[in-house]
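For the record, in the sequence shown the residue sitting at position 165 is 165 according to UniProt numbering, with numbers rising by one throughout.
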Amino acid sequence: TPLQKAQKYKNAGNVHFSMGKYNEAIVQYNKAIDICPKENVDDLAIFYYNRATTYKQLKKYNSVKADCTKALELNPKYTKALLCRARTLEQQGDLEAALKDITTACIHANFSDQAFLLKAEIVLDKLVKQHFLKESTNKVFFLPTHLIEIDHIRIFSRDPILSRLEYPENIPKFFKKPLQALKNREYHNIISMCTEIIESPKFYTLPPSKLEVLLLRSTFYLIWQRYSAAIHDLDVILFSEDVCDDIRVNALIKKARVYMVIGSSEMAFKIFELALTINPSCSDIYYHRGLAYMNIQKLGCAKRDFEKSVELNPNFSMAHMQKWYANYHFALLNGNICLAEITVRDVEKAIDKYSNSLECVCCYVLYALMMLRTQQYQKAHIYFVKAIEKDPDYAISYLLLWNCDVKDIEKYFNKAIKLDTCSVAGKTLCIKILRLIEIERGNIEEAINLSDKALAFCHTFEELLYMYSINPICVFDVKNRCALIIRFLRSYSRFIGIQNAEESDKHIPIDSDGPSKVLSPAAESETSLQRAQKYKNEGNVYFKTKKYNEAITEYTKAIDICPKENKNELATFYQNRAAAYEQLKKYISVKADCTKALELNPEYIKALLRRARVLEQTGDLEAAFKDMTTALKQVQENATHENFFMLTAHAIEIYYIRAFSNDPVLSRLEHQENIPEFFKKPLQALKNKEYHNIIPLCTEIIESPGFDKLPSSKLEVVLLRATFNSFRSDYSAAIHDFKIILSSEDALDDVRVNALIKKANLHRKIGNRYLIFKDFDLAVMINPSCSDIYYHRGQAYLDIQMLDEAKRDFEKVVELNPNFSAAHMQKWYANYHFAVLNRDLSLAEMTVRDVEKAFNIERYSNPPESVCCCILYAQIMSKTEQYQKADTYFVKAIEKDPDYAIVYLLFWNCNLDNTVKYLNKILKLETCSNGGKLRCIEMLRTIEIQRGNIEEAIKLSSKALAFCRTFKELLHIYSVDAIKRHLNIQHPFGHVIHFLRSYSQFIDVQNAQESDKRIPIDSDGPSKVPFSVAESKVKSFL
1 TPLQKAQKYK NAGNVHFSMG KYNEAIVQYN KAIDICPKEN VDDLAIFYYN RATTYKQLKK
61 YNSVKADCTK ALELNPKYTK ALLCRARTLE QQGDLEAALK DITTACIHAN FSDQAFLLKA
121 EIVLDKLVKQ HFLKESTNKV FFLPTHLIEI DHIRIFSRDP ILSRLEYPEN IPKFFKKPLQ
181 ALKNREYHNI ISMCTEIIES PKFYTLPPSK LEVLLLRSTF YLIWQRYSAA IHDLDVILFS
241 EDVCDDIRVN ALIKKARVYM VIGSSEMAFK IFELALTINP SCSDIYYHRG LAYMNIQKLG
301 CAKRDFEKSV ELNPNFSMAH MQKWYANYHF ALLNGNICLA EITVRDVEKA IDKYSNSLEC
361 VCCYVLYALM MLRTQQYQKA HIYFVKAIEK DPDYAISYLL LWNCDVKDIE KYFNKAIKLD
421 TCSVAGKTLC IKILRLIEIE RGNIEEAINL SDKALAFCHT FEELLYMYSI NPICVFDVKN
481 RCALIIRFLR SYSRFIGIQN AEESDKHIPI DSDGPSKVLS PAAESETSLQ RAQKYKNEGN
541 VYFKTKKYNE AITEYTKAID ICPKENKNEL ATFYQNRAAA YEQLKKYISV KADCTKALEL
601 NPEYIKALLR RARVLEQTGD LEAAFKDMTT ALKQVQENAT HENFFMLTAH AIEIYYIRAF
661 SNDPVLSRLE HQENIPEFFK KPLQALKNKE YHNIIPLCTE IIESPGFDKL PSSKLEVVLL
721 RATFNSFRSD YSAAIHDFKI ILSSEDALDD VRVNALIKKA NLHRKIGNRY LIFKDFDLAV
781 MINPSCSDIY YHRGQAYLDI QMLDEAKRDF EKVVELNPNF SAAHMQKWYA NYHFAVLNRD
841 LSLAEMTVRD VEKAFNIERY SNPPESVCCC ILYAQIMSKT EQYQKADTYF VKAIEKDPDY
901 AIVYLLFWNC NLDNTVKYLN KILKLETCSN GGKLRCIEML RTIEIQRGNI EEAIKLSSKA
961 LAFCRTFKEL LHIYSVDAIK RHLNIQHPFG HVIHFLRSYS QFIDVQNAQE SDKRIPIDSD
1021 GPSKVPFSVA ESKVKSFL
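Written as structure tokens, this is what we have:
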């Protein structure tokens, strides 16, 4: 029968499988599936499952998931298929989907299979780690909004942020979203919204009210117990020159609160004193200092501060209540019956006065506590119940806030849980506290029962997982642990059970693997895009051999097969075909293909330029100018990220390679036998000074499918990319990479320290001095004997003129690493400036002698050290007005190596006139590289623009033309706003005309072969053909 034949094929497949012949096994299982009658669903499910296990051996995970899913459609209780799919999902990182399958398997096994439960525990632990261990475990949805309101928001009478909500018309536009979230009690969104504003490039250009964003974020960092982050934000505010007094005071109060929480009361009281020197009539200061005194049982001091707070602000209801609480305890402690009676009467009056939930509940709980103290238990009970019935969430918060007795907490929390008016977060908090009470008593079974109750209140998977993650029962015996897992899975089954079959499979993205027939691994894995790339490469070969029609055929194949979603690749194929059409002078086809390329990628500058060239040749000058203007605009917009090519190899060597004595990436080059295979290409590019290739080579590795499975050394690839992203001023990309490294558990200490140093240097570039020193401090905590930290921190201190600190840091570097030559030179530089500032003649003379000795030391005899010494010495001579000697050493530096001299003239902050003088001298030297000369001109041009000499800047731009090696460099030269404005005053298209004429000259002086080398307009495709601009046509058109 067909079923018997199918069974034979399956058995044959099993034999092949056992012999490791997986492709042959798949062929047999395919036959079994094809011939098996559709009504034999159980058998068909087995065939699909067997094929799935074979695909798993070949690591074809999408096929594994597809076959397991098919098997489960045929037999929903097929636990083997469920577990197989779960294992695959787990390997792919889809842990929640894996847990879903394991839970389903446990349900089918009636939770009796220990192996299933063990697997569930493993996945659960991974999920907990994924969701909570890298963040604060106090997830926002488990801290009741009422507790946040009482303990963090209503405790300020004059909070500058809350004041904004009273006058919404005055809220700055950039601050509206976080404040709306605050108003709507969407507390879980506030930190992320504030961070988005703070990390935006425009943050530092915003008005001083931007500091309120930091203040709001720090408040919620404090709520989620992220104390170091809170302190950091508060320090940024306090060190700012733009901060106004009310924000400064509020920040000081919150900083003092942080120190109280972490147990540093001495520091907290110093901060309160500082706040009082700024505003001695601020009621909030006395209120919070009163709370601090309560914490350390100084009731008399607390009483005075609460009384002062009420005196300054009689409408501050929380201050009144804290005053009554302090007065009553002070009265009991000192036997002051009169004060106790007065306080009770004050609270009784307040009960009639306050009608709002928060104040009313507070009064009820406070009054109940007073009744307890005087043994009026019935009355106490009445008011506790009143509080819970009025608002159970506020009541829960105040029962904790007023330090109620454990028995009372237990009694009234159990009452609150039963009320429909209590929120899920409130009930969950109750259970969390009650469970801890039972564990302390040793009632483990009761604690497990409470866990059951907590799970019942969870509305989302994340809430459910959180309750599991904070469960202390995990330390008990296996029986209790299994009981907890079973309870969790039963609760989780509610989430699975409410979905229909169609919804339940939405989490499994099944990718079609095509027909079932067996293909070679290479053929099956090759995608349409890869085949299109092959056609493009073949087209490029034909193009280079001038077989343009054959090239067009191959490019057309690439266009036809390329998936439409791969827009950038498709644009390249059209652009390459346009190049071939241009060789055949088929200009209509060139324009059509360039237009198509630009529809796919509107920022494709190369396509714009090719179309402009053809439009000019066909006489459509207006359209040609339009394309040129668009191209120039795009270059200007991308200038900050595309200035990397203007950074010379010498500058990179000084600012990166010579600036680290223990860089983990550079250390790889010293021991090439230890370089991992995946890291060889970027390191070879680094060694060969092919710096422009490093970012794409690193990105290729990082974005590869197997990156996550590489060893921990993969983080060095991220570190290298971050380093070069920082060079090209792509700060957000660099910060992103540094965060990846610093948040990774696999990062080694040397990699982590190096990342912190470079992140601090990045903050130096963008002027965020507060983050600079935070990162350096973290680095020192990890490795206090790393000389690189002190070297770079010393430079940061120099930036802000803290010469004494810089001097100490450079001395520390030299002490830790006597062979770090760059550190010696920075030490001399800092010492000399410190000596001049402090009129320390002895130190100045000693430093001069040290630099003079360096000329005779071997390690300072070659560039860049020798050039550095010459310029440093010349600087010192200039300061002592020995100008002839200074000139001699400046000239020596330039003659030794003009490219290094350019960098050090900037590095040592040389006098502007000296810089101009010696840069002009360098331009005349044949020993200076083209890149160095281009850098010189760029610096000179910037100086002339700052001086207002625009005509001179334009002349320098023309001079730069001779040194431009690529079209991109040429675009950079003509993308300066000041020059464009000046040229456009003379003519509406002034800067475009100037560019076109320069571009025409740029390509006319080259033969075809040279043009191909120097103008790589499309690196993905064939070379370009030069064209000349018809100047007479341009003039007639204008």
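Ideal Cβ placement from N, Cα and C applies to all residues, glycine included.
| request: Tell me whether C594 is buried or exposed, calling it buried when 16 or more other Cβ atoms sit within 10 Å of its Cβ. | output: buried
| task | Would you decide whether P515 is buried or exposed? Buried here means 16 or more other CB atoms lie within 10 Å of its CB. | result | The pLDDT assigned to P515 is 28, lower than 50, so where the model puts this residue is not dependable; a value taken from the coordinates is nonetheless given after this. P515 is exposed by the Cβ-count criterion.
| Alpha carbon of A779 to alpha carbon of Y542, nearest angstrom | 55 Å
| field | Residue from I148, N856, N831 with nearest C-alpha to T847 | value | N831
| Nearest-angstrom Cα distance between K453 and I431? | 8 Å
| query | I think S787 touches N817, with their Cβ atoms under 8 Å apart; what is that distance to the nearest whole Å? | reply | 4 Å
| query | With a CB to CB cut of under 6 Å and the five nearest residues on each side skipped, what residues in its chain are close to N11? | reply | none
| If you draw a straight line from the alpha carbon of Y9 to that of K119, how long is it in whole angstroms? | 33 Å
| query | Would the beta-carbon of L372 fall within 8 Å of that of H329? | reply | no
| field | Complete alpha helix (DSSP H) runs within the UniProt repeat "TPR" (249-282) (minimum length 4 residues, chain order) | value | 265-278
| query | By the 10 Å Cβ neighbour count, where 16 or more other Cβ atoms means buried, how is V15 classified, buried or exposed? | reply | exposed
| query | Would the beta-carbon of residue 1040 fall within 8 Å of that of Y221? | reply | The shown model of the chain, from 1 to 1038, leaves out residue 1040, and the question about it has no answer.
| query | Got a sec? Which residues, its chain only, sit under 7 Å from Y797 by beta carbon, not counting five neighbours each side? | reply | E805, A806, D809
| query | Thinking just about the alpha-carbon of each residue, which of F773, L837, A822 is nearest to the one in L803? | reply | L837
| Is S317 closer than 8 Å to E359 when the C-beta atoms are compared? | yes
| query | From which residue to which residue does the alpha helix (DSSP H) around K807 run? | reply | 803-816
| request: Name the residue from P864, A6, Q225, L923 whose alpha carbon lies nearest to the alpha carbon of L940. | output: L923
| field | A326 vs L332 beta-carbon contact at 8 Å | value | no
| query | So the alpha helix (DSSP H) H232 belongs to, where does it begin and stop? | reply | 227-239
| message | If I follow the unbroken alpha helix (DSSP H) through T880, where does it start and stop? | response | Run containing T880: none; DSSP gives neither H nor E here.
| task | Take T927 and list the residues in its own chain whose beta-carbon comes closer than 7 Å to its own, dropping the five residues that flank it on each side. | result | P898
| request: Keeping to the same chain, check which residues put their C-beta closer than 7 Å to that of A251; ignore five residues upstream and five downstream. | output: L215, L234, I237, L238
| request: Run the CB neighbour count on H671, radius 10 Å, all protein chains shown included, and call it buried at 16 or more, exposed below. | output: exposed
| task | Could you spell out where the alpha helix (DSSP H) holding M19 opens and where it closes? | result | Where M19 is concerned, there is no enclosing alpha helix (DSSP H), given that its DSSP letter is neither H nor E.
| message | Quick check on this structure: which residue in E196, I741, V424 has the alpha carbon closest to the alpha carbon of L455? | response | V424
| said: Using only the alpha-carbon positions, how far apart do K896 and N783 sit? | reply: 38 Å
| said: Less than 8 Å between the C-beta atoms of V128 and L450, yes or no? | reply: no
| said: According to DSSP, is N295 part of a helix, a strand, or is it coil? | reply: helix
| Excluding the five sequence neighbours on either side, which residues of its own chain have a C-beta within less than 6 Å of the C-beta of E135, listed in chain order? | Here E135 scores only 43 on pLDDT, less than 50, and its place in the model should not be relied on; the value that follows carries that caveat. Excluding positions up to five away in sequence, the list is empty.
| said: Please report the distance separating the alpha-carbon of R490 from that of E73. | reply: 23 Å
| task | Look at the alpha carbon of P2 and the alpha carbon of I35, and state the distance between them as a whole number of angstroms. | result | 6 Å
| task | State the Cα-Cα distance for the pair P705 and D663, rounded to the nearest angstrom. | result | 27 Å
| Skipping 5 residues on each side, what residues in its chain have a beta carbon closer than 7 Å to that of W324? | T343, D346, V347, L366
| query | How should G335 be labelled, buried or exposed, when 16 other C-beta atoms within 10 angstroms of its C-beta is the threshold for buried? | reply | exposed
| Exposure label - T880; buried when at least 16 CB within 10 Å | exposed
| field | Environment of M19 [buried if 16+ CB atoms lie within 10 Å] | value | exposed
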